[in-house]
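Peer 1: In the working numbering, the protein residues as written are 468 to 809.
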């Protein structure tokens with residue numbers, strides 16, 4: 468069922484609260500049944516009510532009022548100054564006559580189209596890119612314990628070789644590992660928070676665009692400026708290199724220096740390049756018209772079977788006891804009759 472009719476089935480008149488809505492005031496944004504239309508209009512004769520069928524609600528543009536002529540609405544805009552004009556303003560010729568004018572309706576429709584495109588771009592491309600980044604960071608965090616456990620096991624194995632005399636030094640190195648793990652985890656979680664914050668802002672932007680898409684208010688629409696160019700710049704990728712444990716040959720007198728050292732965390736930022744994901748293409752769109760490369764004359768009245776042994780050999784058989792082999796140029800290479808190659 469059409470959504471407009473489905474909404475009409477449940478919507479009620481805003482005045483009587485009982486009757487099913489049939490009309491809509493595009494100026495006051497009020498649902499009305501037929502008996503209540505007169506009451507709504509009579510409440511304020513100074514207002515220019517615009518009554519339309521409920522299915523056509525928000526189809527009438529609400530133009531801004533002229534500052535110089537309060538009883539007039541502005542339906543034109545200066546392309547140079549972006550100042551709105553009413554018909555009286557144009558007739559008075561007060562504005563620079565060399566400036567070009569545009570119809571607010573055209574500006575409104577252009578902005579509406581831009582809003583729809585931006586909404587689709589954010590929904591189909593930008594959000595998915597941020598979701599991929601968030602998933603990548605979550606996977607790194609999830610694998611962090613495993614990676615650091617491996618590092619700890621390497622250190623523990625070396626500690627077993629050194630026995631008790633190097634326990635204190637080993638414990639010091641373990642502390643460095645734990646500190647690096649905390650730093651590593653902090654860096655990734657902080658970046659994940661930033662990414663999710665940007666996702667939240669983008670969701671808010673998308674919500675705002677959805678509201679603007681459904682709005683018939685001219686001022687906020689014509690003042691809309693696309694931010695998609697800015698949103699398309701993805702945040703840099705945070706790459707934190709894992710520390711490495713570098714063991715040394717053990718001598719008691721040089722215990723501290725020979726235990727080995729742990730490389731510090733190294734954080735780099737790599738610029739991400741936004742790449743649009745290709746939409747799924749149907750198989751029919753991928754198939755071109757078949758092209759005839761060559762015609763092979765097999766000599767059979769009826770061709771029964773064709774088999775390609777490789778890229779160069781094509782075997783054929785017909786209604787006889789022999790099979791024939793051709794190359795891709797249609798030249799006969801050999802034949803087999805009753806098991807004999809010819």
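The beta carbon of each residue, even a glycine, is placed where N, CA and C say it ideally should be. As the structure is a computational prediction, the values presented were derived from the model and not from experiment.
#1: Short check: CB of residue 518 to CB of residue 492, under 7 Å?
#2: Could you tell me which of 530, 653, 697 and 648 sits nearest to residue 686, measuring between CA atoms?
#3: Going by DSSP, what residues sit across from residue 477 in a beta bridge?
#4: At which residues does the alpha helix (DSSP H) containing residue 559 begin and terminate?
#5: Express the C-alpha separation of residue 693 and residue 620 in angstroms, rounding to a whole number.
#6: Can you give me the Cβ contacts of residue 677 inside the same chain, cut-off strictly under 8 Å, excluding the 5 residues immediately before and after it?
#7: For residue 782 and residue 775, I'd like the C-alpha separation in whole angstroms.
#8: Quick one: what's got a C-beta closer than 8 Å to residue 611's C-beta in the same chain, skipping five residues either side?
#9: Measuring only the C-alpha atoms, how far is residue 502 from residue 488?
#10: Leaving out five residues before and five after residue 524 in sequence, what residues of the same chain have Cβ atoms less than 7 Å from its Cβ?
#11: Determine the direct distance from the alpha carbon of residue 520 to that of residue 498, and round the result to whole angstroms.
#12: Shortest alpha-carbon distance to residue 768 belongs to which of 760, 787, 759 and 603?
#13: What number of angstroms, rounded off, separates the C-alpha of residue 736 from the C-alpha of residue 707?
#14: What are the uninterrupted segments assigned as beta strand (DSSP E) that are 3 or more residues long and contained completely in the region 675 to 746, given in chain order?
#15: Just to confirm my understanding: we take residue 605, look at its own chain, exclude 5 residues before and 5 after, and list those with CB closer than 8 Å. What are they?
#16: Does residue 468 pass the burial test, meaning 16 or more other C-beta atoms within 10 Å, or should it be called exposed?
#17: Taking only the alpha-carbon atoms, compute the straight-line gap between residue 565 and residue 542 and give it to the nearest angstrom.
Peer 2: In terms of the structure at hand:
#1: yes
#2: It is 530.
#3: DSSP lists no partner for residue 477.
#4: 554 to 559
#5: 53 Å
#6: 586
#7: 6 Å
#8: 648, 651, 652 and 655
#9: 10 Å
#10: 491 and 493
#11: 10 Å
#12: 787
#13: Going by the C-alpha atoms only, they are around 9 Å apart.
#14: The qualifying runs are 704 to 708 and 733 to 737.
#15: 659
#16: Here residue 468 scores only 40 on pLDDT, less than 50, and its place in the model should not be relied on; the value that follows carries that caveat. Under this definition residue 468 is an exposed residue.
#17: 19 Å
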